[in-house]
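According to the numbering used here, numbering within the first sequence proceeds without interruption in unit steps and concludes at 581.
Ideal placement from N, C-alpha and C gives every residue a C-beta, glycine not left out.
All of these numbers come straight from a predicted model, not from anything done at the bench.
Below is one structure; the comments refer to it alone.
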Amino acid sequence: MGPSRPGSPTPSPATPTGRRSSPMGDPYEIGTGEHRAFWADAAADEVETRVGDPGEPIVIKGGVSPSGVPHLGHFNEIMRGYFVAEALRERGYGVRQVFTTDDRDRLRKLPRKLADLEWNVVGLGEVDAGALGRNLGNPYTDIPDPFGCCDSYGAHFTELLRRSAAAIGVPIETVSNTEQYESGGFDEAIAHVLENRETAREVLGEFQNKVDEEYVPFFAQCSECGHLTETITDVDLDAETVGYVCADVTAGDETIEGCGHEGTATFREGKLPWRFEWPAQWVTLGVDFEPFGKDHAEGSWPSGETIAREVFGLEPPVPMVYEWFTLNGEALSSSAGNLITVAEVLELLEVEVLRYFFTKNPQKQRDFDVGSLDRLVDEFDRFEAIYFGDVEADDTETELAERAYPMVAPENAGRDDRPIRIPYTFAAVLGMTDDRDLRVRMARRSGHLPENAAESEIDAALERVGKARAWAVRTDNAFNYRLAETLPDVEFDPATAAALDELADFISAESPDEGTLQEEIYETARRNDVPVGDLFEAGYRLFLDEDEGPRLGPFLAAMEESFVVDRLRRDR
RNA sequence: GGGCCGAUAGCUCAGUCAGGGAGAGCAUCUGGCUCUUAACCAGACGGUCGGGGGUUCAAAUCCCCCUCGGCCCGCCA
């Protein structure tokens with residue numbers, strides 16, 4: 010389905026198969042031809058058809074404006090490209106994954122939340138908001154870092170992006186737009202656009218009504234106030250300069266006032282408008298594949314690919330649209346402050362689980378529901394188990410696991426042994442105590458740790474406990490409980506008290522295994538005429554100060570016997 | 001108003017590109033494990049495939065219309 014553009018004279022005709030043929034690249038059409046279990050292979054198929062010089066590496070690009078705290082949504086730009094890059098590398102191609110930071114863009118509004126380099130998220134009020142406000146309209150790289158640690162506002166948030174890419178284990182080359190402009194990397198593209206500004210006007214005019222005779226596709230930076238102005242009065246191609254007036258600029262609902270200065274700027278002292286800047290990046294970086302969000306699918310992409318062809322004479326990269334994520338059902342937004350950073354996510358999940366999240370079909374909107382993360386982790390565990398052949402699955406699931414797992418967890422793929430995975434909710438249960446030995450005993454008794462597991466394997470498996478515990482605390486769900494270190498304030502009726510004492514005596518005398526102990530709880534309750542449920546509840550109250558908990562027999566059997574006995578007797 | 005993406009079991013989703021059997025996991029229920037307690041095993045229940053129309057011997061799948069959620073069609077990016 011080719012995106013039709015306003016003013017397009019010929020609607021795409023239907024082909025006999027029902028699909029429309031179109032000279033335009035369809036950013037929703039990821040891959041044609043044979044069926045692929047993994048979307049990244051379908052995209053890679055498409056990229057392969059446009060490979061030129063086999064000696065040159067394939068270039069896959071993503072990019073964002075460093076406008077605020079990088080959040081989960083931004084990782085589409087990295088992970089979607091990453092999986093396609095890996096699919097191509099696996100086929101023997103050299104691939105560069107570059108990431109452009111659009112840091113010469115204007116700061117248009119103040120974000121509600123910022124974060125320092127350690128990912129501590131703070132409100133706007135905790136930094137010098139006034140200093141930021143005075144910089145509205147200026148390029149991100151010209152604004153002082155509100156935290157004072159990086160060269161600029163743009164550099165600060167670019168650094169956070171770089172760190173989160175590293176945290177998720179994806180090697181990317183970041184390319185700063187500002188540096189590209191300053192070093193002259195865009196000179197040729199700018200000269201080309203300005204030289205052909207008649208064509209540029211015509212082409213952009215097909216997509217945007219406001220393009221008039223005066224329109225010049227370049228913004229100059231005012232030498233007096235630093236604002237980017239759109240009012241270009243003169244173009245000197247030989248000198249590679251433009252004349253400008255620093256006029257008011259409308260950005261969204263706000264008007265950014267210009268200072269009125271009239272001056273001259275070089276091509277390195279300004280920027281291309283986005284609709285031209287994007288194709289200019291393709292030209293200068295030789296981009297072959299680029300994923301982008303649905304917001305670009307109907308506006309930027311059709312104009313971009315047309316500009317690429319008709320202004321730059323360039324075959325645009327293979328496009329791919331991804332749908333947006335929501336967070337707990339709400340739109341993600343840096344500026345509104347509804348966000349979760351990768352650092353936060355990685356406190357709750359192993360990195361391979363997060364990477365797995367991105368193997369799902371990019372064309373479906375997905376909710377990242379923190380409350381249901383256990384389901385995501387369970388799904389990953391199954392995915393992994395299918396890869397290792399430990400569970401049966403249908404062909405589609407099996408193909409996907411075989412293909413994608415090595416890209417999700419390359420350090421585990423191909424190993425004879427596989428990582429031990431404690432189910433996430435059970436790991437949350439283990440989070441009730443910080444005692445490693447107790448965790449190990451409980452996990453063993455529940456069958457989640459093989460008896461012969463090596464210490465290093467156990468340590469690796471227990472890493473999930475801290476994350477699951479963080480999840481239980483963050484969501485304050487049913488798994489958020491702790492082993493009561495001291496005796497909770499409790500009172501029991503005489504029958505229950507007697508039953509608890511008997512149970513203590515039994516454990517002291519018999520040192521029962523978990524099954525025997527579980528059975529004895531029932532027996533003790535019946536002997537003392539206490540409803541079974543009441544005795545269980547008394548147990549949970551004593552040890553967890555909760556009404557419910559994990560299976561009591563294995564739980565008590567796993568703990569140090571003298572402690573259990575004393576606690577049942579309400580001694581400590 | 002026009003264009004685009006999505007909607008499949010209670011929940012999370014696969015299957016749609018290539019038309020033919022309504023699927024998986026979880027949850028629930030039942031049974032089992034000397035046992036109501038976040039473990040484990042077995043089985044069962046569960047669907048107008050968002051709605052309607054069309055094409056076809058046959059439609060979740062192709063075509064048209066509609067509903068709902070999201071995006072784009074000003075500027076900016």
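For this session: Could you give the DSSP three-state label for MET441: helix, strand or coil?
Result: Translated into positions along the first sequence, residue 441 becomes position 432. Of the three classes helix, strand and coil, the one that applies to MET441 here is coil, per DSSP.
Problem set entry | Residue span of the beta strand (DSSP E) that contains THR242, given as start and end | Start at 1 with the first residue of the first sequence, and residue 242 comes out as number 233. Taken as a continuous stretch (DSSP letters only), the beta strand (DSSP E) holding THR242 covers 241-245.
Exercise. So ARG113 packs on PRO148, CB below 8 Å; how close in whole Å?
Worked result: Sequence index remark: in the first sequence, residue 113 carries index 104 (1-based). Sequence index remark: in the first sequence, residue 148 carries index 139 (1-based). Taking 8 Å as the upper bound for CB-CB distance, ARG113 and PRO148 are in contact here, some 4 Å apart.
For this session: Decide if PRO459 is buried, meaning its Cβ has at least 16 other Cβ atoms within 10 Å, or exposed.
Result: Residue numbering aside, residue 459 sits at position 450 when the first sequence is read from its first letter. Here PRO459 is exposed. Its C-beta has fewer than 16 other C-beta atoms within 10 Å.
Exercise. Applying the criterion that 16 or more other CB atoms from any shown protein chain within 10 Å of the CB defines a buried residue, is GLY64 buried or exposed?
Worked result: Here residue 64 is taken as the residue at index 55 of the first sequence, counted from 1. Exposed, since its Cβ has fewer than 16 Cβ neighbours within 10 Å.
Exercise. Quick one, are the C-beta atoms of VAL541 and ALA504 less than 8 Å apart?
Worked result: Your numbering for residue 541 matches position 532 in the first sequence. Your numbering for residue 504 matches position 495 in the first sequence. Going by C-beta atoms, VAL541 is not nearer than 8 Å to ALA504.
Exercise. For the candidate residues ASP556, ARG450, ASP426, ASN370, whose alpha-carbon lies nearest to that of PHE435?
Worked result: In the first sequence, counting from the first residue as 1, residue 435 sits at position 426. The option with the nearest alpha carbon to PHE435 is ARG450.
Problem set entry | Minimum C-alpha distance to GLU472 - residue among GLU361, HIS270, VAL202, PRO288 | Against the first sequence, residue 472 aligns to sequence position 463. The residue with the shortest Cα to Cα distance from GLU472 is GLU361.
Exercise. DSSP three-state call for ASN548: helix, strand or coil?
Worked result: The residue labelled residue 548 in the question sits at position 539 within the first sequence. Correcting the residue type first, residue 548 is Gly in the shown sequence and not Asn. GLY548 falls in the helix class under three-state DSSP.
Exercise. Helix, strand or coil: which one does DSSP assign to GLN372?
Worked result: Here the question's residue 372 lines up with position 363 in the first sequence. DSSP places GLN372 in coil when its eight states are reduced to three.
For this session: Measure the CB-CB distance between THR405 and PHE92 and report whether it falls below 8 Å.
Result: On the first sequence, position 396 is the one that residue 405 refers to. On the first sequence, position 83 is the one that residue 92 refers to. No, these two residues do not count as a Cβ contact at 8 Å.
Exercise. Contact check, TRP283 vs PRO325 under 8 Å by CB: the rounded distance?
Worked result: Counted from its first residue, the first sequence places residue 283 at position 274. Counted from its first residue, the first sequence places residue 325 at position 316. Not quite, the Cβ-Cβ distance comes to about 15 Å (not below 8 Å), so this is no contact.
Problem set entry | Bridge partner(s) assigned by DSSP for ASN347 | Within the first sequence, the letter at position 338 stands for residue 347. Bridge partners of ASN347: SER342.
Problem set entry | Exposure of CYS158, with buried meaning 16 or more beta-carbon neighbours within 10 Å | Locating residue 158 in the first sequence gives position 149, where the first residue counts as 1. The residue in question, CYS158, is exposed, as its Cβ has fewer than 16 Cβ neighbours within 10 Å.
Exercise. In chain order, what residues of the same chain have a beta carbon less than 7 Å from the beta carbon of LEU385, not counting five sequence neighbours either side?
Worked result: As a first step, residue 385 must be located in the first sequence, where it is residue number 376. The residues are VAL362, PHE366.
Exercise. Nearest-angstrom Cα distance between ARG105 and ALA256?
Worked result: Residue numbering aside, residue 105 sits at position 96 when the first sequence is read from its first letter. Residue numbering aside, residue 256 sits at position 247 when the first sequence is read from its first letter. Near 40 Å, if we compare the C-alpha coordinates of ALA256 and ARG105.
Exercise. Counting pairs of Cβ atoms below 8 Å between the segment 370-377 and the segment 423-433, do you hit three or more?
Worked result: Contact between the segment 370-377 and the segment 423-433 is absent: fewer than 3 CB-CB pairs across the two stretches fall below 8 Å.
For this session: Grab me the residues of GLY193's own chain with a C-beta within less than 7 Å of its C-beta, minus the 5 sequence neighbours each way, in chain order.
Result: In the first sequence, counting from the first residue as 1, residue 193 sits at position 184. Non-local C-beta neighbours of GLY193 in its own chain, meaning closer than 7 Å and more than five positions away in sequence, comprise ARG277, ordered along the chain.
Exercise. By Cβ distance, which residues of its chain are closer than 7 Å to MET568, with the 5 residues on each side in sequence left out?
Worked result: Sequence index remark: in the first sequence, residue 568 carries index 559 (1-based). Around MET568: LEU447.
For this session: Drop a sphere of 10 angstroms on the beta-carbon of ARG206, count the other beta-carbons inside from all chains shown, and report buried for 16 or more, exposed for fewer.
Result: Position 197 of the first sequence holds residue 206. Only buried fits ARG206, as 16 or more other CB atoms lie within 10 angstroms of its CB.
Exercise. First and last residue of the beta strand (DSSP E) that includes MET88?
Worked result: Sequence index remark: in the first sequence, residue 88 carries index 79 (1-based). Segment 84-99 is the alpha helix (DSSP H) holding MET88; no beta strand (DSSP E) there.
Problem set entry | Contact check, VAL482 vs ARG550, beta carbons under 8 Å | Along the first sequence, read from residue 1 onward, the residue named residue 482 stands at position 473. Along the first sequence, read from residue 1 onward, the residue named residue 550 stands at position 541. No, they are not a contact pair.
Problem set entry | Nonlocal neighbours in the same chain, by C-beta distance under 7 Å from THR275, ignoring five residues either side | Residue numbering aside, residue 275 sits at position 266 when the first sequence is read from its first letter. The answer, listed in chain order, is GLU249, THR250.
Exercise. By how many angstroms is the C-alpha of LEU294 removed from the C-alpha of ALA198?
Worked result: The residue labelled residue 198 in the question sits at position 189 within the first sequence. The residue labelled residue 294 in the question sits at position 285 within the first sequence. In a straight line, the C-alpha of ALA198 is about 11 Å away from that of LEU294.
Problem set entry | Test item: CB-CB of THR350 and PRO79 under 8 Å | Mapped onto the first sequence, residue 350 falls at position 341. Mapped onto the first sequence, residue 79 falls at position 70. Contact flag set, yes.
Exercise. For ARG445, which residues from the same chain have a beta carbon less than 8 Å from its beta carbon, with the 5 sequence-adjacent residues on both sides left out?
Worked result: Taking the first residue of the first sequence as 1, we reach residue 445 at position 436. Excluding sequence neighbours, ARG445 sits near LEU471.
Exercise. Do TYR602 and ARG210 have their C-beta atoms within less than 8 Å of each other?
Worked result: The chain is shown only over 10 to 581; residue 602 falls outside these bounds and no answer can be derived.
Exercise. If you count every other CB in all the chains shown that lies within 10 Å of the CB of ALA437, and 16 or more means buried, which is it?
Worked result: For the purposes of this step, residue 437 is taken as residue 428 along the first sequence, with counting starting at 1. With 16 or more other Cβ atoms within 10 Å, it is buried.
Problem set entry | Contact check, VAL379 vs ASN421, beta carbons under 8 Å | Sequence index remark: in the first sequence, residue 379 carries index 370 (1-based). Sequence index remark: in the first sequence, residue 421 carries index 412 (1-based). Cβ distance not < 8 Å, so VAL379 and ASN421 don't count as in contact.
Exercise. For PHE389, which of helix, strand or coil comes out of DSSP?
Worked result: Within the first sequence, the letter at position 380 stands for residue 389. If DSSP states are grouped into helix, strand and coil, PHE389 belongs with the helices.
Exercise. From the DSSP output, which residues share a beta bridge with GLN230?
Worked result: If you number the first sequence from 1, residue 230 lands on position 221. According to DSSP, GLN230 bridges with LEU237.
For this session: Examine the Cβ distances between the segment 521-528 and the segment 549-564 and report whether three or more of them are shorter than 8 Å.
Result: yes
Exercise. Any idea what DSSP makes of GLY178, helix, strand or coil?
Worked result: For the purposes of this step, residue 178 is identified with residue 169 of the first sequence, where counting begins at 1. In the three-state reduction of the DSSP assignment, GLY178 falls in the coil class.
For this session: Look up SER312 in the DSSP assignment and say whether it is helix, strand or coil.
Result: The residue you call residue 312 lines up with position 303 of the first sequence. SER312 falls in the helix class under three-state DSSP.
For this session: Tell me whether the beta-carbon of VAL330 lies closer than 8 Å to the beta-carbon of VAL56.
Result: Indexing the first sequence from 1 puts residue 330 at position 321. Indexing the first sequence from 1 puts residue 56 at position 47. In this structure, VAL56 does not lie closer than 8 Å to VAL330 by Cβ.
For this session: Let me know if TYR490 comes out buried or exposed under the rule of 16 or more other beta-carbons within 10 Å of its beta-carbon.
Result: Counting from 1 along the first sequence, the entry for residue 490 is found at position 481. Buried.
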